[in-house]
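Just so you know, we're using my numbering here: the sequence shown kicks off at 884 and counts up by one.
Beta carbons: idealized from backbone N, C-alpha and C, even for Gly.
Because the structure is a prediction, the values reported are computed rather than measured.
Heads up: the structure comes next, in structure tokens.
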Amino acid sequence: MIPVVFWKGGDMKKGENPFLCSRRNFLKKVLFGSLAFNRDFAVAAGYGREVYPAERIVWVSPYKVGGGFDLMVRGISPYLTKHLREISPGAKGGEVIIKNETRAGGQRAYEMVYAAKPDGYTIGAFDMAFAAETLMSKLPFDLHKFTYLVRVMNTKRLMVTYRDGFPSWAEMVKYARTKELKWGVGAVGRGLTIDSIIVKETVGIPARLIPWGGTTECMNALLRKDVQVALVSEDSVKGLLNSGEIKVLIVFSDKSDYPGIPSIKDVGYPDLAEKLGSHRFVVAPPLLDKKVFPLLLTAFKKVFNDISFQAWAQKMDIPLSPLLGEEAALLAERMINYYQRDLKPMLIKYL
884 MIPVVFWKGG DMKKGENPFL CSRRNFLKKV LFGSLAFNRD FAVAAGYGRE
934 VYPAERIVWV SPYKVGGGFD LMVRGISPYL TKHLREISPG AKGGEVIIKN
984 ETRAGGQRAY EMVYAAKPDG YTIGAFDMAF AAETLMSKLP FDLHKFTYLV
1034 RVMNTKRLMV TYRDGFPSWA EMVKYARTKE LKWGVGAVGR GLTIDSIIVK
1084 ETVGIPARLI PWGGTTECMN ALLRKDVQVA LVSEDSVKGL LNSGEIKVLI
1134 VFSDKSDYPG IPSIKDVGYP DLAEKLGSHR FVVAPPLLDK KVFPLLLTAF
1184 KKVFNDISFQ AWAQKMDIPL SPLLGEEAAL LAERMINYYQ RDLKPMLIKY
1234 L
């Protein structure tokens, strides 16, 4: 049996053992040490048991404030907070802070999301058109590795002409077989121009693509009849459509919402229904925390089923087409593979 000795306290005198102390001081130290350990352990354990979300979520938007998909980001955000807290009782965070980062055509925003911790506190808006627009560039991140949470919407593409232009898609194609078509496009290397190349090459339409710098300039050229047709995003030309200044020749989707106007599927090119348009996603960093992933998916699903949110989207005239989780990821993979495998060789002679 090992004897226990105690230091008596006070100043240590010459020849005294420094390992001896008074019983009272020894027990006091033991007690205080135990309390400190329990306190630290409780804090650490409490931290480990934090309910997600425990802090603010930063949503990085590659768009200007109020423009493009940024409007949708701002519409979704309060509902995302609401439903995250509903499915995570006790959560003390979840407020969404929107950070607009437009540098380098949105690339800087994607870099920020890609490099963030995969803990669910950084998400981003992602436009799949970026994957096509940067085909000829070397990116500092791998598009395949983002965590694709949800495809929120897809902007519908239309082929349009001026009010007294071609009576139909069939007549336009017939004309192009005999005389080169004058086809207006926006800025070189951007989404609508790339989609125009895809249509021209896939359908085999003899046409001269004439760039105008942007949709507004292209529509002005169409109205002046400097060009005969243009490929546009539906949401960008609704005013001109409603006024009758331009008319639709074909809709690039599985079904057409325009009476008497065919869809691209109807005329024999069903693959173009998916490949054209701008698929807009919500993404997270690669390897998102496995416990956080289902919570975010459930919250987004509840957002899109929320009657108040649906009413807001309808009021803002924003078409929703949500795909969640695996469906969104598979779509993203198909689009990226298509751009890198099939589209890149097609674009080389144009860009």
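Does the distance from the CB of residue 1139 to the CB of residue 1145 come in under 8 Å?
yes
When the distance is taken between beta carbons, is residue 1064 closer than 8 Å to residue 1088?
yes
CA-to-CA distance, residue 1075 to residue 962, given in whole angstroms
32 Å
Name the two residues that bound the continuous alpha helix (DSSP H) containing residue 1222.
Counting along the chain, residue 1222 falls outside any alpha helix (DSSP H), and DSSP gives it neither H nor E.
Reducing DSSP to helix, strand and coil, say where residue 888 ends up.
Low confidence applies here, because residue 888 scores a pLDDT of 41, under 50, leaving its location unreliable; read the following figure in that light. Here residue 888 sits in coil by DSSP.
Please work out which residues of its chain come closer than 7 Å, Cβ to Cβ, to residue 1085, disregarding the five sequence neighbours upstream and downstream, and give them in chain order.
1152 and 1155
Neighbourhood of residue 1069 by C-beta, 8 Å cutoff - its chain only, sequence neighbours within 5 removed:
1075, 1076, 1094, 1095, 1096, 1097, 1098, 1100 and 1101
According to DSSP, what are the bridge partners of residue 1202?
Bridge partners of residue 1202: none, in fact.
Helix, strand or coil: which one does DSSP assign to residue 1163?
strand
Taking the alpha carbon of residue 1024 as the point to measure from, which residue in 983, 1169 and 1071 has its own alpha carbon closest?
1169
For chain E, find out if any of its Cβ atoms is closer than 8 Å to the Cβ of residue 1126; answer yes or no.
The structure shown contains no chain E; it is built from a single protein chain.
Please name the residue, chosen from 1161, 1216 and 943, that lies closest to residue 989 on a Cα-to-Cα basis.
943
Per DSSP, residue 1172 forms a beta bridge with which residues?
Paired residue(s): none; residue 1172 is not in a bridge.
Buried or exposed, going by whether 16 or more other CB atoms sit within 10 Å of the CB of residue 1019?
exposed
Who pairs with residue 1135 in a beta bridge, going by DSSP?
1040
Supposed contact pair residue 1166 and residue 1007 - C-beta distance, whole angstroms, cut 8 Å
5 Å
Inspect the beta-carbon positions of residue 1081 and residue 1159 and report whether they are closer than 8 Å.
yes
Distance between residue 1163 and residue 955 (C-alpha atoms, nearest Å)
10 Å
Sub-8 Å separation of residue 1215 and residue 993 beta-carbons
no
Could you name the residues that DSSP lists as bridge partners for residue 1030?
1167
Among 1223, 967, 1143 and 1200, whose alpha-carbon lies nearest the alpha-carbon of residue 1184?
967
Determine contact between the region 975 to 986 and the region 1124 to 1135, defined as no fewer than three beta-carbon pairs at a distance below 8 Å.
no
Contact set for residue 999: own chain, Cβ-Cβ below 6 Å, skip 5 residues either direction:
1005 and 1168
Terminal residues of the alpha helix (DSSP H) in which residue 1208 lies
Counting along the chain, residue 1208 falls outside any alpha helix (DSSP H), and DSSP gives it neither H nor E.
So, at 8 Å on beta carbons, what are the nonlocal neighbours of residue 1120 in its own chain, with the 5 sequence-adjacent residues on each side left out?
1041, 1043, 1098, 1102 and 1129
What do you get for residue 1037, buried or exposed, if any count of 16 or more other CB atoms within 10 angstroms of its CB means buried?
buried
So residue 1112 and residue 1104 are in contact, right, with Cβ under 8 Å, and what is the actual spacing, rounded?
With 8 Å as the limit, residue 1112 and residue 1104 do not qualify as a contact, their Cβ atoms being about 11 Å apart.
For residue 1066, write down the residues that DSSP places opposite it in a beta bridge.
1092 and 1112
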